[in-house]
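S.K.: Protein chains in written order, with my numbering: chain A, 1 to 406; chain B, 1 to 406. Where is the CB? At the ideal position from N, CA and C, for every residue including glycine. Sending over a structure as structure tokens; questions will come in a sec.
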DNA sequence: CTAATTTGTAAACGGCCATGACGAAATAGT
DNA sequence: ACTATTTCGTCATGGCCGTTTACAAATTAG
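So this is what it looks like as structure tokens:
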């Protein structure tokens, strides 16, 4: 039906600064500190006056806020700007390269990875280790991860950074408490509370790797809008829905199950109980079967390699997967009207063979201008970066909290 | 008080009070006024102390806020509460039944309707007139509507209410400016700016009737959650997506086009360019054709009547429509994980014959507990009430704005 | 070299919520 | 019946915070 296009009554949500703080003077102060920090972080070196005009406060107010942020080492003064206009040149402010850092970690089926990201968003330390984790018990995996984290933290501390929190991306479903892995099929973990296994040295967040990947796309992607659909395939096929700069998680945290959207209602039955789900056509197993290949560790690499070589069977399998994806995405796009669809994770690497049929389906089934499909530039790095950045965002969202923690 | 990290996955957003006001003391004051008003409105008669504990301010602060709201006639003192507990009983506060009112209007194909709703949410005046508007020029329709509005406003003014704004629900696509009807197929209007045709006496908002219907469901529905899918069928089939208490409009305002979600990818072609869209199976035309009936004005009534009489052809047609709806909704539910699906508009009246097959499809295709499907209790009143309430919400969201307008 | 413009800071100001104390009005216990 | 206790609403005080106003510093325009 025709949805209206009104915006009027209910206004957009400002980036960053959450509404959790109470509406008291202290809360106001904390929100304004956050707004200053966010603004400087997002728009490069800026003078106090420029910040003031951007966030709608006076120069005097911004001055005191900046003083405080400098005292906390979250902001630093770069010195006078090169004057291009009349008037006294401002003093450029930039987010500090020292101080709090976000530690991101990733538990993959065949590897562990950890990195440290500073407030500017730069990766300052990292460590990766191959590690066959399929079916391995949580304890040794986490122990190995912990040593990797300690290594990265030590490296970061040498550059005057201190860890403000640890965020772990896992290939599975995570409970709303942000600590417990409910189910990770490829690791064969169930109801594992990572908070119990990791050292309690840092505030911990655990989330699904697809979610972190989508957030990375939101925060780091080139010109990625505040409203998009991030499709990835690691285990199954997941779509993260980003609306108004926020990840949509759903009532029970199950949002984004694109893999079980019906593509052909009378198709083959699926483990979920339905029939003809997308996963039956574009899931890893289905594509391998259609391509006539046998499962292996690096599936994506295998497929890409064979497709590259011109194997028609593989190409056809990917083409068909793209078609199925296109059908499912048509439904999603009609429902959500996102600004773009972004292919991430394994799909990014296979996009040369998926995209043509996918886009054909999507444009063919849409009346107006079709929703553009982009390929994530982050690729497999997304989840790790998203995790680390989620910690950084938390600092930017409430700098006073971390200042009181030092 | 360290909020620490972002309260991980699920971070509730406080109802109402938007973040548009600047973070200055005046803005803070205005937000707190709004929070007090919202709280009293939502949780019935409340003492100052009860409000204070709910919104996290001190009694003293709430006292001054309440004084101001009473001076503006937005709140009124009911007198001492009946004491059930120890201690001095509080003085009950309630939202005023006088003062600003929201005027809602609806332009239908065969009728015009207007109502006035007070801050308490009660309908205080209303007027309906049958009127064959299909293909009629905008000017006379709006003139007729205006006289109806004046009548309702006069009625409301006799009860010491004054109109705080006018919201108009139309069966068509509305531009983002909230004034212009881009396209209303059943009225045969195109690019009609209602702001030019209506008297400029009141702040105006125009929106699609389905959107207002969904908002009515959100604000008035019995126990309707902050996250649901509202499906309605007037012209085409539309789904309003409500996430976190907000209507999702999409980048271009086209969100919710459930009617063009592919149900059978190789099905009959559709005007949208696609094939096998839901509308081909559950749209009004399709159902009529399947039932072997000819178009008429009151389609829903006709279908319901025949189905009631036990005509197997009609029942089968509705059953099949339910199945198609179920398939499309399975996709939507998998993607969004809403708390419930609500059938509104024409679908509410036909639900007895749609629901069984719809729910069978939905539960059969979902692994865990299926998403419950409810029928809107508002029925055809939704859009009108939603329109009027949208004005009321605007007042509750920023009471200072209307106070400065009197 | 002067006038104009812009930046950053300091002091005075005003608004707003918190704190603490107090009287008022109810209940609970003796 | 009388006192202690609890809770409510209000008032005066104080502290915090952004604004206003003024001013010195630094640069460009003429």
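Give the list of continuous beta strand (DSSP E) stretches no shorter than 3 residues that lie fully inside the region 228-290 of chain A.
M.R.: The qualifying runs are 228-234, 236-243 and 246-248.
S.K.: Check the C-beta distance from residue 242 of chain B over to residue 260 of chain B and give it rounded, since I have them as a contact under 8 Å.
M.R.: In the second chain, residue 242 of chain B corresponds to position 242, counting from 1. In the second chain, residue 260 of chain B corresponds to position 260, counting from 1. Not confirmed; about 20 Å, so no contact.
S.K.: Please report whether the beta-carbon of residue 339 of chain B lies at a distance below 7 Å from any beta-carbon of chain A.
M.R.: Locating residue 339 of chain B in the second chain gives position 339, where the first residue counts as 1. Yes - at least one Cβ of chain A is within 7 Å of the one on residue 339 of chain B.
S.K.: For chain B, is any of its Cβ atoms less than 7 Å away from the one on residue 115 of chain A?
M.R.: In the first chain, residue 115 of chain A corresponds to position 115, counting from 1. Closer than 7 Å: no.
S.K.: Answer with yes or no whether the minimum CB distance from residue 273 of chain A to chain B is below 7 Å.
M.R.: Within the first chain, numbered from 1, the residue matching residue 273 of chain A stands at position 273. Closer than 7 Å: yes.
S.K.: Taking Cβ positions, are residue 328 of chain A and residue 278 of chain A nearer each other than 7 Å?
M.R.: Start at 1 with the first residue of the first chain, and residue 328 of chain A comes out as number 328. Start at 1 with the first residue of the first chain, and residue 278 of chain A comes out as number 278. Yes, the Cβ-Cβ distance between residue 328 of chain A and residue 278 of chain A is below 7 Å.
S.K.: Return no unless some Cβ of chain A is closer than 7 Å to the Cβ of residue 398 of chain B.
M.R.: For the purposes of this step, residue 398 of chain B is taken as the residue at position 398 of the second chain. Chain A contact via Cβ: absent.
S.K.: By a C-beta neighbour count over all protein chains shown, 10 Å radius and 16 as the cutoff for buried, is residue 232 of chain A buried or exposed?
M.R.: Counted from its first residue, the first chain places residue 232 of chain A at position 232. Residue 232 of chain A is buried by the Cβ-count criterion.
S.K.: Could you pull the start and end residues of the beta strand (DSSP E) that residue 207 of chain A belongs to?
M.R.: Counting from one through the first chain, the residue named residue 207 of chain A turns up at place 207. Start and end: 204-208.
S.K.: In whole angstroms, give me the CA-to-CA distance for residue 202 of chain B and residue 31 of chain B.
M.R.: Working through the second chain from its first residue, we reach residue 202 of chain B at position 202. Working through the second chain from its first residue, we reach residue 31 of chain B at position 31. Taking the straight line joining both Cα atoms gives about 24 Å.
S.K.: Indicate whether residue 156 of chain B and residue 116 of chain B have their beta-carbon atoms separated by less than 7 Å.
M.R.: Counting from one through the second chain, the residue named residue 156 of chain B turns up at place 156. Counting from one through the second chain, the residue named residue 116 of chain B turns up at place 116. For residue 156 of chain B and residue 116 of chain B, yes; Cβs fall inside 7 Å.
S.K.: Suppose the cutoff is 6 Å on Cβ atoms and the five residues either side in sequence are ignored; what does the same chain contact list for residue 349 of chain B look like?
M.R.: The sequence position of residue 349 of chain B within the second chain is 349, counting from 1. Answer for residue 349 of chain B: 300 and 304, listed in chain order.
S.K.: Helix, strand or coil for residue 80 of chain B? Go by DSSP, reduced to three states.
M.R.: On the second chain, position 80 is the one that residue 80 of chain B refers to. Reduced to three states, the DSSP call for residue 80 of chain B is strand.
S.K.: Per DSSP, what kind of secondary structure is residue 356 of chain B in: helix, strand or coil?
M.R.: To locate residue 356 of chain B, count along the second chain from 1; it is residue 356. The answer is helix: DSSP assigns residue 356 of chain B an H, G or I state.
S.K.: Output the boundary residues of the beta strand (DSSP E) element that contains residue 191 of chain B.
M.R.: Along the second chain, one-based indexing puts residue 191 of chain B at 191. It spans 189-193 - the beta strand (DSSP E) in which residue 191 of chain B sits, taken as one unbroken run.
S.K.: Mapping DSSP to helix, strand and coil, what is residue 394 of chain B?
M.R.: Taking the second chain and counting its residues from 1, one reaches residue 394 of chain B at position 394. Helix, per DSSP.
S.K.: Quick check on residue 133 of chain B: buried or exposed, where buried means 16 or more other Cβ atoms within 10 Å of its Cβ?
M.R.: Within the second chain, numbered from 1, the residue matching residue 133 of chain B stands at position 133. Label assigned to residue 133 of chain B: buried.
S.K.: With a threshold of 7 Å between beta-carbons, can residue 78 of chain A be considered close to chain B, or not?
M.R.: Within the first chain, the letter at position 78 stands for residue 78 of chain A. So, not an interface residue.
S.K.: If you run the structure through DSSP and keep just helix, strand and coil, what is residue 27 of chain B?
M.R.: Working through the second chain from its first residue, we reach residue 27 of chain B at position 27. Helix at residue 27 of chain B.
S.K.: Does DSSP classify residue 162 of chain A as helix, strand or coil?
M.R.: Your numbering for residue 162 of chain A matches position 162 in the first chain. Residue state, collapsed to three classes: strand.
S.K.: Could you give the distance in angstroms between the alpha-carbon of residue 218 of chain A and the alpha-carbon of residue 209 of chain A?
M.R.: On the first chain, residue 218 of chain A is found 218 positions in, with the first residue counted as 1. On the first chain, residue 209 of chain A is found 209 positions in, with the first residue counted as 1. In a straight line, the C-alpha of residue 218 of chain A is about 14 Å away from that of residue 209 of chain A.
S.K.: With a floor of 3 residues, list each beta strand (DSSP E) that falls wholly inside the region 317-389 of chain A, ordered by position along the chain.
M.R.: Whole beta strand (DSSP E) segments, 3+ residues: 340-343 and 373-375.
S.K.: Does any residue of chain A bring its CB to less than 7 Å from the CB of residue 392 of chain B?
M.R.: To locate residue 392 of chain B, count along the second chain from 1; it is residue 392. So no, residue 392 of chain B is outside the interface.
S.K.: Quick check on the burial criterion: 16 or more other C-beta atoms within 10 angstroms. Buried or exposed for residue 196 of chain A?
M.R.: Here residue 196 of chain A is taken as the residue at index 196 of the first chain, counted from 1. Residue 196 of chain A should be labelled exposed.
S.K.: Does DSSP put residue 180 of chain A in a helix, in a strand, or in coil?
M.R.: If you number the first chain from 1, residue 180 of chain A lands on position 180. Strand at residue 180 of chain A.
S.K.: Taking all protein chains shown into account, decide if residue 336 of chain B is buried (16 or more other Cβ within 10 angstroms of its Cβ) or exposed.
M.R.: Start at 1 with the first residue of the second chain, and residue 336 of chain B comes out as number 336. Buried, since its Cβ has 16 or more Cβ neighbours within 10 Å.
S.K.: Can you pull the chain B residues whose beta carbon is under 7 Å from the beta carbon of residue 430 of chain A, in chain order?
M.R.: Residue 430 of chain A is absent from the structure shown; chain A starts at 1 and stops at 406.
S.K.: Note down, in chain order, every chain B residue with its Cβ under 7 Å from the Cβ of residue 367 of chain A.
M.R.: Taking the first residue of the first chain as position 1, residue 367 of chain A is located at position 367. Result: 272 and 273.
S.K.: Looking only at its own chain, which residues have a Cβ that is under 6 Å from the Cβ of residue 380 of chain B, when we skip the five neighbours before and after it?
M.R.: For the purposes of this step, residue 380 of chain B is taken as residue 380 along the second chain, with counting starting at 1. There are no such residues.
S.K.: Taking 7 Å as the CB-CB cut-off, is residue 251 of chain B touching chain A?
M.R.: Residue mapping note: residue 251 of chain B aligns to position 251 of the second chain, counting from 1. Closer than 7 Å: yes.
S.K.: Looking at residue 387 of chain B and residue 184 of chain B, is the spacing between their C-beta atoms short of 7 Å?
M.R.: Against the second chain, residue 184 of chain B aligns to sequence position 184. Against the second chain, residue 387 of chain B aligns to sequence position 387. Not in contact: residue 184 of chain B and residue 387 of chain B (Cβ atoms no closer than 7 Å).
S.K.: Can you give me the start and stop residues for the alpha helix (DSSP H) that residue 152 of chain A sits inside?
M.R.: Translated into the one-based positions of the first chain, residue 152 of chain A becomes position 152. Segment 138-157, the alpha helix (DSSP H) holding residue 152 of chain A.
S.K.: Can you pull the chain A neighbours of residue 264 of chain B, defined as C-beta to C-beta under 9 Å?
M.R.: Locating residue 264 of chain B in the second chain gives position 264, where the first residue counts as 1. Within chain A, the residues near residue 264 of chain B are 264, 265 and 266.
S.K.: Determine the chain A residues that contact residue 52 of chain B at a beta-carbon separation under 7 Å, and present them in chain order.
M.R.: On the second chain, position 52 is the one that residue 52 of chain B refers to. Under the 7 Å cutoff, chain A gives no residues; its nearest Cβ is about 12 Å from residue 52 of chain B.
S.K.: By the criterion of Cβ-Cβ separation under 9 Å, what are the contact partners of residue 22 of chain A in chain B?
M.R.: Reading the first chain from its first residue, position 22 is the one you call residue 22 of chain A. Result: 55, 56 and 57.
S.K.: Show which residues of chain B have a CB atom less than 8 Å away from the CB atom of residue 239 of chain A.
M.R.: Position 239 of the first chain, counted from the start, is the residue given in the question as residue 239 of chain A. Residues of chain B passing the Cβ test: 335.
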